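Q: Residue numbers (our numbering): 46 to 191.
Every residue gets a Cβ at the ideal spot worked out from N, C-alpha and C, and that includes glycine.
Being a predicted model, the structure only gives us computed values, none of them experimental.
Here it is, the structure in full.
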């Protein structure tokens, strides 16, 4: 019997999934979640385009570029709906960039569910799970117009 590769989508049609990052072990341990790769599929990119097109056009990014930028540069994690996590880029602007990921019990990876821009003031009641330390705070790995 062949051993399955670790942290890969266990689905019949893997060609629609793309690995875009990983929830690192050091962060995962602090929020009591498993460390695992983060994948996005074509259907969720279509959803992001259809539901959040205007927001993304204002900052000049296509959905896939936006998702990659947030997953590469997030500096906060908030509790999302259910078992979801919100990866957030929190910087000096009035808005924040968010990618929501979740993992079903039978999956050994995280999957992007949606991505959007939101006003900072709407986080007043949200549960902050993790924040990058001040000395390491927001050092973008690429251009981030949000």
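1. Taking one C-beta from the stretch 96-109 and one from the stretch 121-132 each time, how about it: are there three or more such pairs within less than 8 Å?
2. For the beta strand (DSSP E) containing residue 81, list its first residue and its last residue.
3. Below 8 Å between beta carbons: does that hold for residue 135 and residue 72?
4. Taking the DSSP output, what are the residues bridged to residue 121?
5. Whole angstroms is fine: what's the gap from residue 65's alpha carbon to residue 91's?
6. Count the other CB atoms within 10 Å of the CB of residue 68; is the residue buried (16 or more) or exposed (fewer)?
7. Between 119, 172, 63, which has its C-alpha nearest residue 142's C-alpha?
8. Would you decide whether residue 126 is buried or exposed? Buried here means 16 or more other CB atoms lie within 10 Å of its CB.
9. Determine which residues share a DSSP beta bridge with residue 147 and list them.
10. When DSSP builds the beta bridges, which residues end up paired with residue 140?
A: Considering the structure as presented:
1. no
2. 81-86
3. Going by C-beta atoms, residue 135 is not nearer than 8 Å to residue 72.
4. 133, 176
5. 16 Å
6. It is buried - the Cβ of residue 68 has at least 16 other Cβ atoms within 10 Å.
7. 119
8. exposed
9. 156
10. 164
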